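In the numbering used here, the protein residues as written are 74 to 441. Backbone N, C-alpha and C define an ideal beta-carbon position, used for all residues, glycine too. No experiment lies behind these values; they were computed from the predicted model shown.
So, in structure tokens, the structure goes:
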């Protein structure tokens with residue numbers, strides 16, 4: 074089986090080339106051809122010796138996920154379903170917004186967590202994505218959006234990347250960190266740490282490692298003002314309660330490229346959206362450097378949840394703002410193609426049998 078060079082950071086690719094008896098600068102050349110110029114065939118790398126190209130053709134490949142389908146929403150959002158082998162499909166979403174283009178990248182086939190309001194979690198879990206499958210989504214999107222059409226790397230179309238697609242990034246720690254290092258590399262995608270965001274439900278041991286290994290902007294899926302509610306909608310909270318999570322976030326801020334953490338809070342009707350919850354949240358986060366992103370719940374079949382009404386969301390926002398917190402309400406994008414937050418499902422050969430568990434509607438009353 075050929076090795077996929079997309080699985081390699083610049084550092085590890087250099088080691089590979091040294092093992093092959095090649096000079097270090099050859100690795101840098103190939104690395105740049107792959108990521109800056111979007112080449113996936115060695116014969117197109119014109120400043121590489123023919124003998125090296127021949128050797129690479131024998132032992133290596135540049136393999137990206139392959140397109141299954143493309144859907145474009147009325148607001149310009151594009152969702153790609155990408156094949157990653159064995160019948161598994163992931164979803165990647167591009168969100169244009171003026172001069173900014175944000176790519177939402179998946180890290181797992183399905184998700185090992187069971188957040189009850191997320192359609193990805195309902196799909197179950199198959200496996201972690203490889204480094205090449207993670208970075209391959211960025212490669213693919215750049216290619217599909219036409220960045221490499223002229224044969225050279227033109228102006229960036231993707232200015233921001235968020236690890237917010239299918240899966241919990243910190244549950245695939247090693248591969249996600251390697252992929253993010255490629256995204257940050259000046260000889261690849263040259264993203265700044267401020268424009269690369271990792272979103273987590275709170276895998277604390279991995280979060281504590283991340284601050285040393287690859288600190289990027291941090292978004293935390295909080296979604297509740299107390300452990301009782303969070304235990305029910307995010308089972309991971311039973312292992313890593315809110316106060317422990319907040320302590321880890323405070324420690325992370327010492328290394329973060331931003332001086333605040335973004336707390337994501339999905340608004341679930343009659344679950345976590347009362348004014349009591351808002352005031353409880355103020356007390357919980359008092360003195361913490363953060364921003365809040367309130368997310369109207371995006372429906373999916375048999376979710377058992379409804380979104381809070383607009384008036385309730387605005388009241389919730391006002392309480393947080395009056396307490397001094399910057400609080401935005403996320404604009405729902407790509408909803409008409411199921412590309413909005415919490416709606417990504419792909420196609421997962423579920424090893425957890427979770428799809429069977431969720432085949433029946435769960436009454437909202439069970440969540441109260």
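Between which two residues does the alpha helix (DSSP H) containing residue i stretch?
i           : result
residue 252 : 246-257
residue 307 : Neither: residue 307 is in no alpha helix (DSSP H) and is coded neither H nor E.
residue 341 : Element bounds for residue 341: n/a, residue is neither H nor E.
residue 355 : 348-358
residue 279 : 277-286
residue 87  : 83-92
In the DSSP output, what is residue i paired with across the bridge?
i           : result
residue 400 : 365
residue 204 : Bridge partners of residue 204: none, in fact.
residue 336 : 293, 365
residue 235 : 177, 270
residue 155 : 140, 163
residue 134 : 77
residue 380 : 341
residue 198 : 183
residue 145 : 151
residue 168 : 175
To the nearest angstrom, how far is it from the Cα of residue i to the Cα of residue j?
i           : j           : result
residue 298 : residue 110 : 46 Å
residue 117 : residue 171 : 34 Å
residue 90  : residue 215 : 26 Å
residue 304 : residue 180 : 24 Å
residue 100 : residue 177 : 28 Å
residue 410 : residue 288 : Note on residue 410: pLDDT 47, under 50, position unreliable in the model; the coordinate value appears next. Taking the straight line from one Cα to the other gives about 33 Å.
residue 84  : residue 275 : 29 Å
residue 367 : residue 131 : 51 Å
residue 218 : residue 348 : 43 Å
residue 120 : residue 108 : 16 Å
residue 267 : residue 93  : 36 Å
residue 311 : residue 292 : 20 Å
residue 393 : residue 301 : 21 Å
residue 80  : residue 203 : 7 Å
residue 395 : residue 115 : 58 Å
residue 237 : residue 373 : 18 Å
residue 20  : residue 370 : Nothing about residue 20 can be read from this structure; the chain reaches only from 74 to 441.
residue 385 : residue 402 : 12 Å
residue 157 : residue 231 : 22 Å
residue 183 : residue 241 : 9 Å
residue 263 : residue 404 : 27 Å
residue 112 : residue 261 : 12 Å
residue 151 : residue 309 : 31 Å
residue 307 : residue 273 : 12 Å
residue 82  : residue 135 : 13 Å
Could you check where the beta strand (DSSP E) with residue i kicks off and where it finishes?
i           : result
residue 315 : Run containing residue 315: none in the beta strand (DSSP E); it sits in the alpha helix (DSSP H), 315-326.
May I ask you to check if the CB of residue i is nearer than 7 Å to at least one heavy atom of the ligand ADP?
i          : result
residue 83 : With respect to the ligand ADP, the structure shown offers nothing to examine, as it has no ligands at all.
How about residue i: is its C-beta nearer than 8 Å to some C-beta of chain D?
i           : result
residue 259 : In the structure shown, chain D cannot be found, because there is only a single protein chain.
Pairing CB atoms from the stretch 329-348 with CB atoms from the stretch 363-374, are three or more of them under 8 Å? yes
Should the stretch 277-292 be called in touch with the stretch 316-329, which here means at least 3 C-beta pairs below 8 Å? yes
Residue ranges of each beta strand (DSSP E) within the stretch 98-131, 3 or longer: none
Mind the definition here: the stretch 374-381 touches the stretch 339-356 only if three or more C-beta pairs lie below 8 Å; say whether that holds. yes
Could you check whether the stretch 198-212 touches the stretch 157-172, counting it as contact only if at least three pairs of C-beta atoms, one from each stretch, sit closer than 8 Å? yes
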